[in-house]
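In our numbering, the protein residues as written are 635 to 730.
Cβ atoms here follow ideal geometry from the backbone N, Cα and C, with glycine treated the same way.
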C-alpha cells in the first residue's frame with residue numbers, strides 16, 4: 635500500500651540552487667556544483683521552503699487510510715516479546 639503511494643509520487647528537481655549571493659567572502663568555497671564550478675553551497679532547507687505538491691486522488695487516499703492490514707497493526711498495536719523464550723535462547727548459547 636505504501637509502495638503504491640511512493641510509486642505514484644512525481645519526481646522533484648533537486649538541482650543546484652545558488653544561495654551564496656555571488657560567492658563573496660564565503661568561508662566554504664571549496665565545494666563544486668554539478669558542473670564542476672567552485673563555490674557550491676548546499677542549502678538543506680531548499681526542499682522544506684519550497685515543497686512539491688502532494689497529488690493523490692481523494693478516493694484512493696481515503697481507501698489507503700481506511701485499510702487495516704498487518705502494516706497498520708504493526709504500527710498501532712502493542713508488540714509482545716516472549717521474554718522467557720528469549721532468556722532461554724540466550725542462556726543456551728544458540729545462534730539466532
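query                                                               : result
Reduced DSSP secondary structure (H/G/I, E/B, other) of residue 666 : strand
Beta-carbon spacing of residue 690, residue 642 below 8 Å           : yes
For residue 648, the three-state DSSP class (helix, strand or coil) : coil
Any chain D beta carbon closer than 8 Å to residue 708              : The structure shown contains no chain D, having only a single protein chain.
Reduced DSSP secondary structure (H/G/I, E/B, other) of residue 672 : strand
Backbone secondary structure at residue 643 - three-state DSSP      : coil
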